[in-house]
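Enquirer: Position one of the sequence shown corresponds to residue 7 (our numbering), numbered consecutively onward. We put the CB at the ideal spot given by N, CA and C, even for glycine. Got a structure here, written out as structure tokens. Questions coming.
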Amino acid sequence: VYKLNTVGIDMESFKNKRETIAVFAGRKKAEAFIPISKLNKNIVLVTDEDSARRIIELTVNN
């Protein structure tokens, strides 16, 4: 997982977007999605089953 200060747009713009779509696959990317999802709650997620299960594993137990 890489730490970046931008996600295609600057973070302030990302936080203020009313509609955002995140598309990714892979368990490692699931770990990066969690902190991003806390910055903006209005995210539609498109991912694979393995990544979705990993997000559940990481968030249900915390």
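Which one of T53, S43 and E63 has the shortest CA to CA distance from R24?
Expert: Checked all of T53, S43 and E63; the closest Cα to R24 is S43.
Enquirer: Is it buried or exposed for R60, if we count other Cβ within 10 angstroms and need 16 for buried?
Expert: With 16 or more Cβ atoms within 10 Å of its Cβ, R60 is classed as buried.
Enquirer: What number of angstroms, rounded off, separates the C-alpha of A36 from the C-alpha of E55?
Expert: Taking the straight line from one Cα to the other gives about 11 angstroms.
Enquirer: Take I62 as the anchor and find which of F39, L45 and G14 has the nearest alpha-carbon.
Expert: The candidate whose alpha carbon is nearest that of I62 is F39.
Enquirer: Taking all protein chains shown into account, do 16 or more other C-beta atoms lie within 10 angstroms of the C-beta of S19, making it buried, or fewer, making it exposed?
Expert: Exposed.
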